[in-house]
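Below is one structure, written out as structure tokens; comments come after it.
Numbering (my numbering), first residue to last: 7 to 861.
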């Protein structure tokens, strides 16, 4: 039966079982059997999300019926079955030869005339629609109209394969078939469609279907023909509505690079990366949690006047130093990610995170969604099992061969095998570590055999990253020169279990895998919080069941992400050391005002931690470096005094109101204000460390109010560290100034016992379980209860000593904040203590009936 297409895209619904061509706006997600995953998804969005502002370029699709009609008319089925009779996907030579012969068989078989006619007619309708649209007309000369006042352009299109067994919740089929960009003219479209049909038998597609258990002859191929977005003149990328590494549901990851999107998908460039927090975004805030600048060395553009459809060209250094997207564009894409995720979750009746490709048109400035599919890795993981990989023992002196972006929080190891060309894939052995420039779908037959993957290029949404996650192996991408630094045949350990930065260690290092069942964890009266310092670990740590963060340290963010002393940034022009000045200039290359760099990085670091545990409280301790530690920051030595004993010197609160430091403290306040007011993360509670007297507390609050942080305004609470004997003795006065206390057992112990905890000479005396320390802790808890103030502990003692944690519970402390590795065992331990206490109370109530039973 011959399919017909009228001049309107909005036609009556065709019979998809017998039509050669259908328009995107005639199909939806239920039509995957007819037009494949990509095309069904495009139709679903055009029909349902356009009214919500999501832009999707229109187009048409050839149907599964068209593909099967072609195969049947040419008698290809029997020939292909005979060809695949002895297929062995484990044998690379066999796989290549069967794939080559199958593709050749399809390509040398012409399309039936009626199929050609349907495709050409649809392309002409699409060309007419876009050639005479207002946005196109505004870009071309008036004298190119015909006698009827119309343009007769051959519109540029993307021609994409869309298999009927792709974009399923548990199998992505990413990049298995071909895509052709900047295709012009009917003959070009027909040629590309024919190549797409043949690409159902690429080596990687044959191998992938075999691995996933799909019958090669039950899968059909649809082709999508979609109006190109001129992102060659702007930028494009990939976004996920979930964190791809940890499965954290509340953040959208957006990657961006200049030019057409194939380079980002294939991993040919290291793109920009941004995280946006979805819950407060949907409340109207601007919660960009992190911005990471990619190198973006090349971009794919139209090969105008050349012999190819597209080509790669270098990106100017000045452009590479800029983010490809503005903040407004980033937020708009994140909003679309939320809309798309919500829609697909509703349609499927279950939570469905999404993998989305986007593009920006350089002619109109508009953003578009060009593909969307369900995410297939994190969404399939069990939420009831917590799996942690951890290197065992001291590896601080083990050489790190190369570093890059970590993919998958796992560890792999084996003999390294550097492969630069696809024709050498048959030399790869199972269990080796694949080291290469980048991967594309042709590499998949060996990727499943690798213990880990390391690439020079690519970001967290590139092909190597997606397939590594799906295969369940660690990968480190965007290393720069892994193929030069790692030698074939050497033993290496690939660790992606230490935060965002993945490391390739020389040698085979011991590691362990811990699995914890999270089902049926007991609930405790005492709130169990977590100590967090590194924002890069925050999303991962959020999977550990707890009720918030009792101590988020600014020091890690300042030392590792900012690196420069705040006063050196404020007084950049007055720096006397030219080397320091150069280093700071390199760090802050995007900032005219260097102090803005401090505020941005600090706000993003705090914001990421606060978002990970939202809406639970996140107590952020304001900076508590000692003067010697501040001096080690870039430019710090110019602004810091020399102190004989900085441990009890110019630190904490005493800095914040001092004329020599208050301008630097103002930057911290600005960062916290941004997190609360602009990102909407009002769960952040600032906490003041080393506050010696109530008068100091009042001065600090005055400084905070002068910088927009007024206690009580917008629900702002301010806590104080209880780490000095004076905090305990004057607890009644501190209770009038602050909303809560957090016991710092490390400093409290050293000051109660009168020793320097940094001194090895007296280290043997340091013990938080000393009776004098315990009495001070008891007094602090009693005083806080008396004056109706929250009190918790964030020091090391409860993490190290279970008996100390039990002691705190028995005193009725409100919360205990622990190191991440101590949380689960402490929950179980405290539950036993609380249950035992409840049993004793019940017994006492029976023996002494007049005694009230605790609520």
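Yeah, the Cβ is synthetic: ideal placement off N, Cα and C, and Gly gets one too.
| query | result |
| --- | --- |
| Sequence-distant residues of its chain with Cβ nearer than 7 Å to residue 295 (five each side left out) | 257, 281, 282, 283, 610, 613, 614 and 617 |
| CA nearest to the CA of residue 669, picked from 722, 742, 210 and 577 | 577 |
| Local Cβ density within 10 Å of residue 423, reported as buried at 16 or more and exposed below that | buried |
| DSSP state of residue 357 mapped onto helix, strand, coil | coil |
| Alpha-carbon spacing of residue 124 relative to residue 20, whole angstroms | 13 Å |
| Cβ contact (3+ pairs, closer than 8 Å) linking the segment 343-362 and the segment 47-57 | yes |
| Element boundaries [beta strand (DSSP E), containing residue 264] | 257-264 |
| Extent of the continuous beta strand (DSSP E) run through residue 280 | 278-283 |
| Boundaries of the alpha helix (DSSP H) in which residue 269 is found, first to last residue | 268-272 |
| Residue 766 to residue 803 span [Cα, whole Å] | 19 Å |
| Identified DSSP bridge partners for residue 832 | Bridge partners of residue 832: none, in fact. |
| Local conformation of residue 713 per DSSP, three classes | coil |
| Cβ neighbour criterion (16 or more within 10 Å) applied to residue 429 | exposed |
| Host beta strand (DSSP E) of residue 129 (start-end) | Note, residue 129: premise wrong, no beta strand (DSSP E); alpha helix (DSSP H) at 119-137. |
| Inter-residue spacing [alpha-carbon to alpha-carbon] between residue 697 and residue 532 | 26 Å |
| Cβ neighbour criterion (16 or more within 10 Å) applied to residue 387 | exposed |
| Burial state of residue 30, where buried means 16 or more other Cβ atoms lie within 10 Å | buried |
| For residue 671, three-class secondary structure by DSSP | helix |
| Helix, strand or coil at residue 22 according to DSSP, with G and I counted as helix | coil |
| Beta-ladder partner(s) of residue 725, from DSSP | 693 and 746 |
| Cβ pair residue 919, residue 674 closer than 7 Å | Outside the shown range of the chain, which is 7 to 861, sits residue 919, and nothing can be said about it. |
| Touch test, the segment 87-106 against the segment 203-219, Cβ-Cβ under 8 Å, three pairs minimum | yes |
| Whole-Å CB distance - residue 372 paired with residue 61, under 8 Å assumed | 6 Å |
| Bounding residues of the alpha helix (DSSP H) (the contiguous stretch that carries residue 39) | 38-54 |
| Three-state secondary structure assigned by DSSP to residue 569 | coil |
| Simplified DSSP assignment, three categories, for residue 85 | helix |
| Distance between residue 520 and residue 805 (C-alpha atoms, nearest Å) | 18 Å |
| Whole-angstrom distance between residue 339 and residue 590, CA atom to CA atom | 32 Å |
| C-beta atoms of residue 745 and residue 723 nearer than 7 Å | yes |
| C-beta contact flag for residue 328 and residue 240 at 7 Å | no |
| Cut-off 7 Å between Cβ atoms - residues of its own chain near residue 570, not counting five sequence neighbours on either side | 590, 593, 639, 640 and 641 |
| Delimiting residues of the alpha helix (DSSP H) encompassing residue 755 | 751-759 |
| Where residue 234 falls, given that 16 or more other Cβ within 10 Å makes a residue buried | buried |
| First through last residue of the beta strand (DSSP E) which encompasses residue 537 | 533-538 |
| With 16 other Cβ atoms within 10 Å as the buried cut-off, status of residue 603 | buried |
| Contacting residues, own chain, Cβ-Cβ under 6 Å from residue 33 (five flanking each side not counted) | 41, 46 and 49 |
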